[in-house]
Amino acid sequence: MKLRNSIRPIRLLLLLSGLLALASCRQDETQSLSEYLDYVIENKHIFEAEKEERISRLRNLLGVSNLTPEQEYEINTKLYEEFRKYKLDSAIRYVERNLEIARQLDNKRLTYLSNMYLAQLYSFSGMCVEANQILRSIRSSELPRDLLPVYYEANNRYFQHYATLSSQRSHLHEMNIYRDSLMMVSDPGSFRYRIHLSYKLMGNGKMDEARAILDELLEEVGKDTPLYAETAYAYGYFYRLNKDPEAGKKYFMLSAIADAKSAVKENASFHTLALMYYDQGDLSRAFKYTQAAIEDAVFSNVQFRTTQMSKFYSIINSIYQAKEAKSKSKLQHYLILISVLSLFLVLLFIYVYQQIHKLYRIKEELSRTNGRLMQLNDELHEKNTQLTDSNIIKEQYIARFFDLCSMYIDKIEDYRKSLNKLAQNRQIDELYKQLKSTSMMENELDELYKNFDAIFLNLYPTFVADFNALLVEDERIVLKSEDLLNKELRIYALLRLGITDSVKIASFLRCSLSTVYNYRTKARNKAAISREDFEKMVMRIGVPPENRP
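Here it is as structure tokens:
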């Protein structure tokens, strides 16, 4: 009996030692993964370059002569696959082209498929109205059975994104309905079926069954692939539900590493890691992963990811900046203390040349530090000025935006009523004529540009005069009496508002990309100042002289 009693404490000690060793091993593994993830983030340009090289090879195929429409459709589909989780705008462009090809070929299957791909891309980019219109125009009863998984997946994604963007959790119920429908028509052996099934099982509390599926998927999918990232993320979610955040963190890191190495910009891993580290009080890592998540979302134009991160980013950024400010304050105190001690040493050992030399080096270092601090203060001042400018623009444009939205809703309603009246009166020819006419669109474009000109000149009333002041006198722009701005001035007005992407400028002004380039080049050639500084000076129009860097 005494022997048995003496053995129990030994067993307990061994158990505790084993648990401590296991915790230490897990912590070391997490730290190692964290360091590797930092390395991957710092070198993600390498993986992006590999992605761009694959895309370039596919684009070169489009330049081959005598391509059939079917061949172009296939190449565009491969480009869509490369771009859909990388750059949404480019993916949309290739799917829209495929939609044109499918309609030219009068191929209903390809038309349905392109429309469903387009709906998914629209919902990812925040264009929920357009996505909903496409999905509501498709009847599931008319689709071939093999296209039903694509249809239900598109609806599932739409309601997931709409719930995030609108902050209406009720739409998650519809998302789950479409997920169940997707599973009913999917191949039970497919990846999509099993990954959805694992989430459903976790939601129903069947953790062992969900884990068995995830174990199988991890063995089947290749390491550092998008499918591996998706499976690892599901495993991380599994451990969070099981109240094991450290294990969950490991799999979220594996998912983030796989996404980054695959150049996948539409990912949830960085966002989840940022939240976990924030909850643990590790603001440095939380801030790093938050920045990585926002950079990826902005790069790929995934609107619902940007919405997810925006509120959290403002909170963590303010806390992180406060921590940095506190650290800087301590450093300043230490710097003052060092300076005082240095001065004391110089006075004490004035006769020693070596100490004089040390003092000289200290002063030189302080001078460089002060210069750097002044430079940082100037940069901070410039950023504050830009933020103030942006806030003013945002407030005024939001007000005008709501006015324009209301006005356009009224116009659309009037137009609908007029078409409805023609339809009721069976004036089919007149109805067809109205639908075919582009005059309404042209008038609305003119109205849009007039509103844009008025709003912009309200913000920057001296823009035209200041812009002309940057040009050679003989090349200055003279506007017609009825015009507030012309196309050239609108291009630089958009630049002044911070829209530097020529593709977006061309889209807004309904002109070709080469037209935008030509106007910008022509303006720089007419500049009275350095061509390199011309657009920088345009960006400073409206900024008071005392606020300019």
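Sequential numbering of the sequence shown, starting at 1, is according to UniProt numbering. All residues carry an ideal CB built from backbone N, CA and C; glycine is no exception. Owing to the predicted nature of the structure, the values given are computational and were not obtained by experimental measurement.
query                                                                                                                                                             : result
Verify whether the separation of the beta carbon atoms of residue 254 and residue 234 is less than 8 Å.                                                           : no
Just the C-alpha distance for residue 286 and residue 275, rounded to the nearest angstrom, thanks.                                                               : 7 Å
For residue 50, which of 75, 461, 82 has the nearest alpha-carbon?                                                                                                : 82
Round the Cβ separation of residue 149 and residue 186 to the nearest angstrom and send it over; I've been treating them as touching at under 8 Å.                : 5 Å
Taking only three categories from DSSP, how would you classify residue 79?                                                                                        : helix
For residue 13, which residues in the same chain have their Cβ closer than 7 Å to its Cβ, ignoring the five residues on either side in sequence?                  : Here residue 13 scores only 49 on pLDDT, less than 50, and its place in the model is too uncertain to base an answer on.
Measuring alpha carbon to alpha carbon, tell me which of 475, 343, 267, 101 ends up nearest residue 300.                                                          : 267
What is the rounded straight-line gap between the Cα of residue 535 and the Cα of residue 62?                                                                     : 35 Å
Quick one: Cα of residue 177 to Cα of residue 519, how far?                                                                                                       : 51 Å
Along the chain, where does the alpha helix (DSSP H) containing residue 237 start, and where does it finish?                                                      : 226–241
Given a cut-off of 8 Å on the beta-carbon distance, is the pair residue 113 and residue 79 in contact?                                                            : no
Could you pull out every residue in the same chain whose Cβ sits closer than 8 Å to the Cβ of residue 431, ignoring the five residues on either side in sequence? : 419, 422, 423
Quick one: which unbroken alpha helix (DSSP H) runs of 4-plus residues sit fully inside the segment 121–207? Chain order, please.                                 : 128–136, 148–166, 171–185, 191–203
List the endpoints of the continuous alpha helix (DSSP H) containing residue 492.                                                                                 : 487–496
Using CA atoms only, rank isn't needed, just tell me which of 451, 450, 484 is closest to residue 464.                                                            : 484
Kindly confirm or deny that the segment 505–517 and the segment 528–542 touch, where touching means at least three C-beta pairs closer than 8 Å.                  : no
So, is residue 161 buried or exposed, given that buried needs 16 or more other C-beta atoms within 10 angstroms?                                                  : buried
Which two residues bound the contiguous alpha helix (DSSP H) that contains residue 513?                                                                           : 513–525
Straight-line CA distance for residue 466 to residue 428?                                                                                                         : 53 Å
Given a cut-off of 8 Å on the beta-carbon distance, is the pair residue 69 and residue 101 in contact?                                                            : yes
May I ask you to report which of helix, strand or coil DSSP gives residue 471?                                                                                    : strand
Whole angstroms are fine: how far does the CA of residue 28 sit from the CA of residue 281?                                                                       : 19 Å
Residue 120 and residue 157: beta carbons closer than 8 Å?                                                                                                        : yes
In the DSSP assignment, find the alpha helix (DSSP H) that holds residue 223 and state where it starts and stops.                                                 : That residue, residue 223, is in no alpha helix (DSSP H); it is neither H nor E in DSSP.
Closer than 7 Å by C-beta to residue 476: which residues in its own chain qualify, once you throw out the five before and the five after it? Chain order, please. : 468
Note the first and the last residue of the continuous alpha helix (DSSP H) segment covering residue 294.                                                          : 283–300
For the segment 448–461 and the segment 479–499, state whether three or more C-beta atom pairs, one from each stretch, are separated by less than 8 Å.            : yes
Starting from residue 279 and walking both ways along the alpha helix (DSSP H), at which residues does that stretch end?                                          : 269–279
List the endpoints of the continuous alpha helix (DSSP H) containing residue 266.                                                                                 : Element bounds for residue 266: n/a, residue is neither H nor E.
Is residue 229 near residue 208, with beta carbons less than 8 Å apart?                                                                                           : no
Tell me where the alpha helix (DSSP H) around residue 246 begins and ends.                                                                                        : 245–261
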